[in-house]
Structure formats: structure tokens, C-alpha cells
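A short worksheet on the structure shown next.
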Amino acid sequence: QVQLVESGGGLVQAGGSLRLSCAASGHTFSNYVMGWFRQAPGKEREFVGNINAGGTSLIALESVKGRFTISRDNAKNTVYLQMNNLKPEDTAVYYCTARFRTITYQHWGQGTQVTVSS
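Pasting the structure below:
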């Protein structure tokens with residue numbers, strides 16, 4: 008069974024940085040596309056971006072381009088979301104996800120709260 012556990016969330020002031028980590032287990036991590044989503048209270052879930060098995064990353068969310076990056080360490084079965092120059096509108100629960108040979112993300116972590124104060 009695939010398990011994803013996020014960490015690294017917390018409270019940060021605007022302009023600050025956080026790095027979220029997602030530790031994966033129960034599958035061949037290096038084969039999976041790993042993604043990040045976020046959901047703010049009262050808003051729809053947003054796709055932040057992903058990174059494929061080869062390490063090519065994509066930031067899909069326009070509002071975070073140039074500030075967020077995704078990376079992975081296959082030796083540690085971990086994917087990261089580096090968030091710089093954080094803004095109050097980045098406040099959300101951030102979710103790590105994984106998919107293998109599918110279009111939709113099959114596996115989800117429990118989420119980690121990120122709160123950015125102004």
C-alpha cells in the first residue's frame with residue numbers, strides 16, 4: 008500500500024520560505040509521478056505542479072511560478088516543494104500525491120497546513 012506523509016508546514020511571515028517534504032513508502036518511488044496540490048478554506052483544490060520519474064518538474068499554477076520549485080530524491084523516497092517569497096494567499100493545506108501509469112492521482116497524503124501571515 009502506498010503511503011505518503013507530508014511534513015514541513017507551519018506558520019511563516021510573508022516573504023519567508025518553507026520547504027515541504029513528502030516521504031513515500033510502499034511502492035517503487037522512482038517510477039511514480041509525484042504531484043503537489045493545495046486547498047485553501049472555501050476554495051477549490053488547485054494543482055501546484057508535479058515531477059516525473061526522470062526528475063523533470065512542472066509548476067502549473069501561475070500564481071506561484073518563479074517562487075515554488077519541486078524536486079525529488081529517489082534515494083530517500085522523498086519529494087520536496089520549495090516555497091519562496093510566500094504570500095498570504097499561499098495559505099492552504101498542501102497535499103502530496105502520486106500516480107503511476109494513470110492520468111489521475113491515485114494516492115494522497117494527509118496534507119500539511121501552511122499559513123502565511125501578512
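Using the working numbering, you'd call the opening residue of the sequence shown number 8 and step up by one each time. Just so it is clear, CB atoms sit at the ideal spot from N, CA and C, and this is done for glycine as well.
Rounded to the nearest angstrom, the gap between the Cα atoms of GLN10 and PRO48 is 25 Å. A distance below 8 Å separates the beta carbons of GLY42 and GLY56. GLY22 and SER28 have their C-alpha atoms some 20 Å from each other.
Shown here, SER14 sits in a strand according to DSSP, grouped into three states. Counting only the Cα atoms, ASN38 lies some 9 Å from ARG108. Where ARG108 is concerned, there is no enclosing beta strand (DSSP E), because DSSP gives it neither an H nor an E.
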